[in-house]
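**Student:** Submitted below is the structure of interest, expressed as structure tokens.
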Amino acid sequence: MIEDLVRMANQIGEFFSSYPSPDEAADGIADHLRRFWTPSMREKLLHYAERDGKDLSELVRAALGRLRKPVSGGAS
């Protein structure tokens, strides 16, 4: 359920909140979600954030913004 994904994302956000800056924290959260969450989990959370997202922390919302942007894969 989405509540579980929101809870887990906020727990990840809480861990990364100790990083030196909010930008570094959001980058860390986004990287964690890319590496360890399935695409369907990320899509559900992104969809929730677009619809409402009221229960997501600010850091998690910032990280989700980074997930929406394509990741540079080097030269093509």
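Going by numbering that gives the first Met the number 0, the letters in the sequence shown line up with residues 0 to 75, in that order.
For every residue, glycine included, the Cβ atom is placed at its ideal position computed from N, Cα and C.
Bear in mind that the values here come from a model prediction, so they are computed numbers and not experimental data.
1. Determine whether the beta carbon atoms of F63 and A24 lie at a separation below 7 angstroms.
2. Label I11 either buried or exposed according to how many other C-beta atoms from any shown protein chain fall within 10 Å of its C-beta, with 16 as the threshold for buried.
3. When the Cα atoms are used, what is the spatial distance from R67 to R60?
4. Measuring only the C-alpha atoms, how far is K53 from M7?
5. How would you write the range of the alpha helix (DSSP H) that D54 sits in, first residue to last?
6. Out of A48, R34, M40 and D30, state which residue places its alpha-carbon closest to the alpha-carbon of F15.
**Tutor:** The answer reads as follows:
1. In the sequence as displayed, the identity of residue 63 is Leu instead of Phe. Taking 7 angstroms as the Cβ cut-off, L63 and A24 do not qualify as a contacting pair.
2. buried
3. 11 angstroms
4. 15 angstroms
5. Looking at the DSSP string, D54 is not in any alpha helix (DSSP H), and its letter there is neither H nor E.
6. D30
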